[in-house]
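Sequential numbering from 2 applies to the sequence shown in our numbering. Heads up, the beta-carbon is just placed ideally off N, CA and C, and yes, glycines get one too.
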Amino acid sequence: MRNQPIIIKRIEEDGHDGHHGGGWKVAYADFMTAMMAFFLLLWILAASDEEKLRGLADYFTPSLSEQGGKGDGVLGGQVLAEKGVLSGSEGPRSEVQLPSFGRENPLSVFDSRLKEDTTRTVVEYEPAPLDAAGSGGQDVVSRSGEMDGTTEHKGSTDHDGTGPAEALSPEVQAAQIEREMQLDAVEESILNAIRQKPELADFTANIRFERTTEGLTVQIVDQDGRSMFGSGSSRIENHTREMIEIIGSAIAEMPYPLTISGHTDSVPFLRSSGYSNWELSADRANATRRVLIENGVSPARIEQIAGLADTKPLLPETPSAPTNRRIDIKLAYPDPALALP
2 MRNQPIIIKR IEEDGHDGHH GGGWKVAYAD FMTAMMAFFL LLWILAASDE
52 EKLRGLADYF TPSLSEQGGK GDGVLGGQVL AEKGVLSGSE GPRSEVQLPS
102 FGRENPLSVF DSRLKEDTTR TVVEYEPAPL DAAGSGGQDV VSRSGEMDGT
152 TEHKGSTDHD GTGPAEALSP EVQAAQIERE MQLDAVEESI LNAIRQKPEL
202 ADFTANIRFE RTTEGLTVQI VDQDGRSMFG SGSSRIENHT REMIEIIGSA
252 IAEMPYPLTI SGHTDSVPFL RSSGYSNWEL SADRANATRR VLIENGVSPA
302 RIEQIAGLAD TKPLLPETPS APTNRRIDIK LAYPDPALAL P
């Protein structure tokens, strides 16, 4: 045992062997992923249009909520609140403004990239003066398209020589009488054609006639529960289309210039795109124009398409009433000398 050689083993210790882990790679990978996501976001913002940017902004800062709306359209429906809200389960989705905190317009940072497109303007929306003819007066002769065919006269026009008409020449008086007879025939033709269709029997009261110093106005008026258009849209209901076709056929051969105006009630129609009762009333008037042209009315006779929203209600005391939702088709007298005095 004493003669065994002594073996000396030298061990060199390296103090750095325990510090070669891979944890820094995880942090670096997270950093690169975040950078990639950031540059991808910048690329998406640069390549997106206004609609996509608005949707992206609303996703992060929602300022609108949706609730179901019902009714028989803006030309129909029920009002459940003081300011008016279409409610129900079958109506369109309407958007209601919620309280927002911070920036009111989340897209203002992208204003330099949003370009307004004005090439899509088709219809001019212009409110009519509040004192325009047809707002009601003693010189108005109105007719209501009821089933009994009754006629209500509110005018002061006399053809017996005892009123203002006696100051007119005999030729003008004769022309006025002939014109009135022609308009009477047109009204009777429209009402008779509607009565002859069983599917339109319940909608005879939706047709009204009004004569003013400017001409004859044929009104397609909404009634409670009987809408003329689709809820919150310019889609014409089948029965409304049939009535417009009847009106178009009756006035196709007449020389009177036409003005078509759409009206709504005071119930607000809100969309995030800014679509309101102004655009809705004009779109419905324009849809009526297309049906009239399809049924023989010359496009050259149509002088104006107007969307008046709720500025000219038939019932000013109840601006949310269904009767205020209507389409007016006015036949203007071509010769001012033959107008009602």
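Annotation: the continuous beta strand (DSSP E) that includes L259 extends over L259 to H264. Only buried fits W279, as 16 or more other CB atoms lie within 10 angstroms of its CB.
Beta-bridge annotation (DSSP): R227 is paired with Q224. With respect to I328, G263 sits close: the two C-beta atoms are nearer than 8 Å.
Non-local C-beta neighbours of A194 in its own chain, meaning closer than 6 Å and more than five positions away in sequence, comprise I247, ordered along the chain. D284 and R326 do not touch by the CB rule: their CB atoms are close to 14 Å apart, not below 8 Å. In this structure the stretch 317-324 lies against the stretch 215-224, because at least three pairs of beta carbons, one per stretch, are closer than 8 Å.
Contact check for A307 against A286 passes: the beta carbons are separated by less than 8 Å. Judged by their CB atoms, M244 and L201 are nearer to each other than the 8 Å cut-off. Judged by DSSP secondary structure, I247 falls within the alpha helix (DSSP H) whose first and last residues are N239 to I252. Secondary structure note for K10: it is in no alpha helix (DSSP H), with a DSSP letter that is neither H nor E. Assigned with DSSP and collapsed to three states, A322 falls in coil, not helix or strand. Take the alpha-carbon of S190 and the one of A206: they are about 15 Å apart. Inside the stretch 27-63, DSSP marks whole alpha helix (DSSP H) runs of 4 or more residues at positions 51-61, from first to last along the chain. Between F210 and E188 a beta carbon distance of about 5 Å is seen, short of the 8 Å cut, so the two are scored as contacting. Just so you know, the alpha carbons of A251 and E51 end up roughly 46 Å apart. Note: D284 is not bridge-paired with any residue in the DSSP secondary-structure output.
For E181, the enclosing alpha helix (DSSP H) covers residues P171 to R196.
Leaving aside the five residues that flank P300 on each side, the residues in its chain whose CB is nearer than 7 Å to its CB run, in chain order, I294.
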